[in-house]
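Chains as they are written, first to last, in the working numbering: chain A, 55 to 504; chain B, 468 to 947.
The C-beta atom is built at its ideal place from N, Cα and C for all residues, glycine as well.
Notes for the one structure printed next.
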């Protein structure tokens, strides 16, 4: 297994690009990733892979104009070639009046324990053994599908302003869907920096139990329901809200559902949302893709919108400072929060169920998408375990329903916030550290047949 | 480069593989984006690497590296075999491969003008002029224009003796106008949303798009939408333009007929399908007007190639014939699993570092008769929707909901009132069963979808969709 090439070697190669002549500034983003993935279906391993790649992305600045070129060759020659290509592109570009220069020299915090050697060197045999443990929880008549990935990476940013930051990190994640019986499925997921933190038997058991509970779902009429969203479902709301609401550029340009709403109530007082790359259990990197150290940003506090995140360009637009949320250049969409954390409350899911006269318990959502960005209305389906609650008890599974719902309107009707948080992945976006939520009057607009 | 792929195959065989194939891929891309006459994205990228796939005792293994020195190739091939050996920890029915004649071939997509050889100045000038014309419309907030070019060179070799070199060039462009006022935001795109119209062609495709000529109208419609009424909620007759039809086909037919999904291989992430192997030749998918094929041989599509990433020749597979479901898109493995005579040649990987998966080729509806104008002209009351804005469909491809950029009321055969925020929802087979008109060849367009996601790790494929405008009865529109 490979290991990090390390800051000194990265700097040596980056210097070849930083030395390109005839320009005002150069920024080098370096990435190196190696990852093994064991993918399984029908309770057998069907697609296992291993990959390693490097990437150098060079942004050149010339007279307020920028050009970007990327290569996966990791050598001084490749870096020089990319820099020359980026310079060629910059010279034919047009000046960007909002370009705010390259990041100044600043120390980024070091994330202790962010890189786990054992995770980085997990063997195919070890991954397969873990999946055997997961699949061991699956009863006759059911089958497990999913993926277990152990990934390691290092990232660095260097620029001609003297900034240099480097960080290694690891990520271990497993998801599974157990299905079968007379129709019904269940879901389990865990994400951590360290593979040792994943309890495969527990994940398999959880998905199996859910699949059993989901058997023979009945029809449920679309309409408004009180919903209890397990963390995986909450993450769909938090990630789409991050995408639609909290980007500094979308806010400045009036394209965000929160444009002009700083200081306004956008959720119930029990909802607080932050972006915190260094919070325990998140998998954040201590600096952004421009090399700016990441700040913790309070996005919503006690239901009130406080502001968004910035890269250097959007900060200039807003008359503010970068919060360390730049994405790789060029990035016409601007910055986004990548480590969304919703504050925990004090309720258990059991308490949420017990306090619900009639509602739905949702395990997770599937394939959500935007209906109306200015009102943050999204639509998507439930899957892998949706249950009807009556009189404070789960009375049985129901077939999947489609929701069409404004996220802020839903969050304004928050009744309870979960005590326990999970790091949950979203279909299109990043991971969120989120609790379960109980929300009133959540709108379901149609139903499926399973 | 073919030698490297063959070296990897030989190394895998030495490491014990029963079967091996390898791809050495170089992908070059160039993307330019202008906004309000400022170049905001000028980006080039190149990536080269090698992936080797092996079968050992009926289990797959795959490993990939960007380092192409002989020791690294040897090590990567050995790792692929080690991965296959580990897969046996969970016993399964051994993988069998449908037969394919090993090809020794060279293939390239038609490309009259190399888009990478066209000067950056010419490209920038086009985008700047397109955004300038859009900005001239009063009320337009943002005017964006973009160009995208891709060139993929693949060298494939297999232990069965196949050696294939293939070069595919894709080119495309589009414009998008955004109008923002009074808390509302509306967008119009041309020729299509999500980076426009991308095809398997060279620079010669770009002037045919008419980006500058259509800039003013595109921008005008975005501004007009701000003051239009919301699309009303009702069950009505729905007419879709060919751009929206392309995504309707993609989501509710294309993904549903991928045999790996049907067999549960994508269950945990993208989901499965309502279709079963025994539905071939029996299931009523739509009305008699609905005939759909997956055709990798069509000139100009994003799903056009000479050979797939298993070395299977491009082919045309009937998917739906006069409403009756006919066949799946398959691979060598999945074809053998359900007893098909051979793969339909749809395995593609999005790069050297990922396994090939079943991906849509050019999945399109066969043109019907008459024109869009005639369909509208014979419609007493309904809604005409254009240009996809959003999509969502359940994990078995049954319940869907789509949003479009713009709509008009059709009244007594004429387009009347404009509506904003149009959307519609349906159930796949009911919806296609209610199709009562498909426009003819003159309105048929081979669109490209550049952002099709599937697999773990996630892969983004470029797929093609031939589509004519079509009409559907009894559709729920205006979901709020």
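- Proximity of residue 937 of chain B to chain A, defined by a Cβ-Cβ separation below 8 Å, is not satisfied.
- For the pair residue 756 of chain B and residue 245 of chain A, the Cα-to-Cα distance works out to about 48 Å.
- When Cβ-Cβ separations below 8 Å define contact, residue 375 of chain A makes no contact with chain B.
- The region 469-537 of chain B contains, as complete beta strand (DSSP E) runs of 3+ residues, the segments 486-502, 505-523 and 526-532 (chain order).
- The DSSP-derived three-state label of residue 185 of chain A is helix.
- The shortest C-alpha to C-alpha distance from residue 231 of chain A to any of A/196, A/248 and A/224 is the one to A/196.
- The alpha carbon of residue 553 of chain B has as its nearest neighbour, out of A/180, A/162 and A/135, the alpha carbon of A/180.
- Just measuring C-alpha positions, the residue of A/397, A/284 and A/254 sitting nearest residue 404 of chain A is A/284.
- Around the CB of residue 628 of chain B, fewer than 16 other CB atoms lie within 10 Å, so the residue is classed as exposed.
- Not one beta carbon of chain A lies nearer than 8 Å to the beta carbon of residue 813 of chain B.
- In chain order, 123 place their CB closer than 7 Å to the CB of residue 139 of chain A, counting only its own chain and leaving out the 5 sequence neighbours on each side.
- In chain order, 715, 852, 936 and 937 place their CB closer than 7 Å to the CB of residue 707 of chain B, counting only its own chain and leaving out the 5 sequence neighbours on each side.
- By the C-beta density criterion, residue 571 of chain B is exposed, having fewer than 16 other C-beta atoms within 10 angstroms.
- Per DSSP, reduced to three states, the secondary structure at residue 858 of chain B is strand.
- Residue pairing for residue 434 of chain A: DSSP places it in a beta bridge opposite A/457.
- Excluding five sequence positions before and after residue 208 of chain A, the CB atoms of its chain that fall closer than 6 Å to its own CB belong to 58, 86 and 222, given in chain order.
- Look at the beta carbons and you see the region 875-894 of chain B touching the region 842-849 of chain B: at least three pairs across the two are nearer than 8 Å.
- The C-beta separation of residue 157 of chain A from residue 215 of chain A comes to about 6 Å, placing the pair in contact by the 8 Å criterion.
- Close to chain A, meaning a Cβ-Cβ distance shorter than 9 Å, are the following residues of the region 734-751 of chain B: 734, 735, 736, 737, 738, 739 and 741.
- For residue 465 of chain A, DSSP assigns no beta-bridge partner whatsoever.
- Assignment of residue 691 of chain B by DSSP, reduced to helix, strand and coil, places it in the helix class.
- DSSP places residue 360 of chain A in the coil class of the three-state scheme, outside both helix and strand.
- In this structure, DSSP gives residue 881 of chain B an extended state, which the three-state scheme calls strand.
- Residue nearest to residue 901 of chain B within the set B/733, B/702, B/914 and B/596 is B/702 (criterion: CA-CA distance).
- In the structure shown, residue 615 of chain B falls within a strand segment according to DSSP collapsed to helix, strand and coil.
- Under the three-state reduction of DSSP, residue 173 of chain A is assigned to helix.
- Within the DSSP bridge table, the entry for residue 702 of chain B names B/943 as partners.
- Spanning the alpha carbons of residue 586 of chain B and residue 595 of chain B requires a straight line of approximately 15 Å.
- Taking the beta carbon of residue 233 of chain A as reference, the chain B residues within 7 Å of it are 734, listed in sequence order.
- Chain A places no beta carbon closer than 8 Å to that of residue 715 of chain B, leaving this residue out of the contacts.
- A distance of 8 Å or more separates the beta carbons of residue 240 of chain A and residue 269 of chain A.
- For the 8 Å CB-CB criterion, residue 313 of chain A and residue 397 of chain A do not form a contact.
- For residue 466 of chain A, the CB contacts under 8 Å within the same chain, skipping 5 residues up- and downstream, are 319, 320, 321, 322 and 357 in chain order.
- Between residue 661 of chain B and residue 918 of chain B, the CB-CB gap stays under 8 Å.
- Separation of residue 210 of chain A and residue 368 of chain A (C-alpha to C-alpha, rounded to the nearest whole angstrom) is 22 Å.
- As computed with DSSP, residue 414 of chain A is found in a beta bridge with A/281 and A/442.
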